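All remarks here apply to the structure that follows.
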Amino acid sequence: MAGEMSFTRVLIANRGEIARRIQRGCRKLGLESVAVFSDADRDAPFVAEADHAVCIGGAAPSDSYLNVEAILEAARATGAGAVHPGYGFLSENAGFAAAVEAAGLVFIGPEPDAIARMGSKIEAKAAAEAAGVPVLPGYRGEDQSDARLLQEAEALGTPFLVKASAGGGGRGMRLVSDLGDAPEAIASARAEAQSAFGDPAVFLERYAPRARHVEVQVLGDTHGTVLHLGDRDCSLQRNHQKLIEEAPAADLPEAVRDRMRAAAVRLAQAIGYRSAGTVEYLYDPGRGEYYFLEMNTRLQVEHPVTEAITGIDLVEWQLRIARGEPLALTQGDVQFDGHAIEIRIAAENPAENFHPETGEITLWAPPADVRLDTGVECGSVVGHHYDSMIAKLIVHAPDRTGAIRRAITAIDAFAVGGVGLNLAYQRALLAHPDFAAFRHHTSGLPEMFPGGWTEPSADPRDMAFAAMALHLRLVPAGASPWESLGSWRLTAPAGQSGAAFYWDTTKDEPIRMYGSGSGLTAIQPDGQTITVESAVLTGCRLSGRIDGVPFSRIAYVVRAPSHWRVHLQTPAGMTATDLRTLEDQHLQRATGGSGVADLLSAPMPGAVAEVRVALGDRVKAGDTLVVLEAMKLLQSLPAPVAGVVTEIYCAPGDTVAGHAPLIKLDPEENT
């Protein structure tokens, strides 16, 4: 595609924050955008903001965002002349790129052949070797027999990785530290690769412990020019999924950096690459060496940090290159300014094994002075059908220390309610001394949190603030106590005015609240006292004065099924405090606890993948009864008690709502 290509309308074959990002790029160039959406995304912001929008199917990705014919039909119906795949879904599907071009449309990305070649990790490594790019020692041969793979494993030695040739994201990958485990690792990696990517081919690769993940952004036009736009470090990962990315890669020898960048350009030139792409490396600090991992033939999730330090709009240039325009800059024109960090914001609970969170966002108040690429807003519903990442927070500062500080400040100012996010966990990563000193690596999370990560909890002073926020929410300044009989006591011990009582759900003794907004006093169960003058809750902020010194904190109060939850900004980050009023406490005692122990319910909306029991089965507490698929993850739901299965309310393939009953048990003590 060497000539000029004319199009004025771009269909975006994606959703959420990336769809909105591409829409901004289109508007910048005066191009119209076409959103395609599933039934689940009908009310999403990216749909409302598009110039044209077409529903292409049901909520399941296979019915919509992976439905090639439906996407092409939407392009024909709306008169789109080009298709941008974003990232994820069909973005690295060579067949989709070819189908777009066969339909007479412009594919905003590389040639289908380049996608196919780099999509096979075996072929990609062969291309890298041919271009003089270092690769990790291993076996990438066509002979996939068990005997040959085991022979090569023995020659390679431990530790090594068994990796799927197709796909990514850690799927089809197994670490082998003992040769005796190799047969099982190969078999399971093959099975997962076949299931996830439809290709069971695997290869073997030396494992480099304590390695870093460094990548180089490249940009190529249709006239043979390829530039690099610097490097990024993406070493903070969980299960091979990136958490925090930064640019440039810090603590990297300049000679190594220069070789990495030159090698990335060389590889892109060798395959005739056009558009934006990323060459990923594993850097071994102990050896001072780097090795080619793979090439991503699409826009990366982390592209904003490169934009921040270069001032170059990658989406704009993807669109310009797709129109046949030559790059209007040389390598010498690419300048790097300061340091940028991106935090992936996901609807999940890191304190509970990163359990996905779903529901309606009832408060969305991000900091105003940083870049936020987001697919949601207040009122958006986070469902179970798609990836849990809903936004990206990007900061830029003159140096890395300043960028870390700014990122932490931004997280501390981020007010959200209704759906749990991973912000507190990301804050803990940013504030960790290993991150500041650049001691982290791709498998270093267990070293950073040896006993696992624990969500920050409110200290006694913060607990008092949380109770005050709830009190002001239930009894606004000047209101009569009769308006909140659930928490108000008209009388108290002799000599004291009436008090409100609030119980931390983990404690038996209440926090007592005296006074009014003009002077609120909270007394903790241990007798500690805090008094706030002119206390007021305005929107999602608690403010007042303590000993004449003013303060203001984010404090957002939401109702849970059996208690109130106060999201409070503290010196350790945002905390969530669960409190009960007097009315809640009475109801709790009346029902004898927190719920029905013999009923297994869905913790979130999802699709039932497996039901592992039948009527009459006897199970032990903790046995998996149902496997639920939500946000592309499988959740094993355990039996709450030992007993006998008496009712089954679901079947494989069912879509269930959050808190829907799934399995009923007759507890063991009753049998």
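Residue numbers for the sequence shown follow full-length UniProt numbering, beginning at 1 and rising by one. Just so you know, even glycine gets a beta-carbon here, dropped at the ideal spot from N, CA and C. Since this is a predicted model, take the numbers as computed values, not measurements.
Whole angstroms are fine: how far does the CA of residue j sit from the CA of residue i?
i, j, result
"Y291", "S275", "23 Å"
"H339", "P200", "41 Å"
"K121", "H84", "24 Å"
"E360", "E447", "35 Å"
"Q331", "L445", "36 Å"
"T362", "A263", "48 Å"
"A208", "E280", "15 Å"
"Y556", "V416", "8 Å"
"Q300", "V645", "47 Å"
"E302", "F336", "16 Å"
"G172", "A124", "17 Å"
"S562", "Q585", "9 Å"
"M314", "V334", "Checking the sequence shown, residue 314 turns out to be Leu, not Met. In a straight line, the C-alpha of L314 is about 13 Å away from that of V334."
"G420", "F435", "24 Å"
"G324", "R298", "17 Å"
"A166", "S195", "11 Å"
"K163", "V176", "11 Å"
"E254", "V216", "14 Å"
Could you tell me which of the options sits nearest to residue i, measuring between CA atoms?
i, options, result
"C540", "R206, Y281, L568", "L568"
"G548", "V558, P561, A560, E533", "E533"
"L267", "R287, A250, L227, E254", "L227"
"R473", "D508, V133, L537", "L537"
"T225", "A469, S145, Y273", "Y273"
"D258", "E245, I271, E289", "E289"
"V395", "P561, G420, I404", "I404"
"D504", "S516, F465, L161", "F465"
"A211", "G172, R287, A187", "R287"
"P61", "A75, G88, H52", "G88"
"A130", "Q269, D459, F551", "Q269"
"R553", "R565, W564, P571", "P571"
"A651", "L628, E17, L179", "L628"
"Q528", "M574, P460, V566", "P460"
"F354", "F435, L243, H432", "L243"
"G141", "G573, G79, A153, I530", "A153"
"L634", "A621, E610, V176", "E610"
"D181", "P159, A98, A535", "P159"
"N422", "R344, L470, Q237, E111", "R344"
Does the distance from the C-beta atom of residue i to that of residue j stay below 8 Å?
i, j, result
"K664", "L599", "yes"
"T374", "A391", "yes"
"L156", "R206", "yes"
"Y139", "F203", "yes"
"P661", "G643", "no"
"A657", "P603", "no"
"I523", "M463", "no"
"D43", "C55", "no"
"V558", "G379", "no"
"V34", "L11", "yes"
"G86", "I22", "yes"
"E246", "I312", "no"
"V608", "V626", "yes"
"M260", "T278", "no"
"residue 672", "E316", "The chain is shown only over 1 to 671; residue 672 falls outside these bounds and no answer can be derived."
Our contact map puts residue i next to residue j with C-beta atoms below 8 Å; I'd like the distance itself, whole angstroms only.
i, j, result
"R9", "G109", "That belief does not hold up - the Cβ atoms of R9 and G109 are roughly 17 Å apart, past 8 Å."
"Y502", "T581", "6 Å"
"S235", "H441", "6 Å"
"A347", "T358", "7 Å"
"Y65", "R20", "Their Cβ separation, rounded to whole angstroms, is 15 Å, which puts Y65 and R20 out of contact at 8 Å."
"R371", "P304", "6 Å"
"A328", "M5", "Rounded, the Cβ-Cβ distance is 17 Å, inconsistent with contact."
Indicate the three-state DSSP secondary structure (helix, strand or coil) for residue i in the structure shown.
i, result
"Y281", "strand"
"G595", "Confidence at G595 is low in this model, with a pLDDT of 44, below 50, so the placement of that residue should be treated as unreliable; the coordinate-derived value is given next. In this structure, G595 counts as coil in the three-state DSSP scheme."
"V106", "strand"
"V100", "helix"
"T491", "With a pLDDT of 43 at T491, under the threshold of 50, the modelled position of this residue cannot be trusted; read the value that follows with caution. Of the three classes helix, strand and coil, the one that applies to T491 here is coil, per DSSP."
"D387", "coil"
"G375", "coil"
"K507", "coil"
"E69", "helix"
"D144", "Sequence check: residue 144 is Gln here, not Asp. Of the three classes helix, strand and coil, the one that applies to Q144 here is coil, per DSSP."
"W482", "Here W482 scores only 41 on pLDDT, less than 50, and its place in the model is too uncertain to base an answer on."
"E129", "helix"
"V218", "strand"
"Y290", "strand"
Counting only beta-carbon atoms, is residue i nearer than 8 Å to chain D?
i, result
"R232", "Within the model displayed, chain D is absent; a lone protein chain is all it includes."
Residue i: beta carbon under 7 Å from a heavy atom of the ligand NAP?
i, result
"G286", "The ligand content of the structure shown is nil, which means the ligand NAP is not present either."
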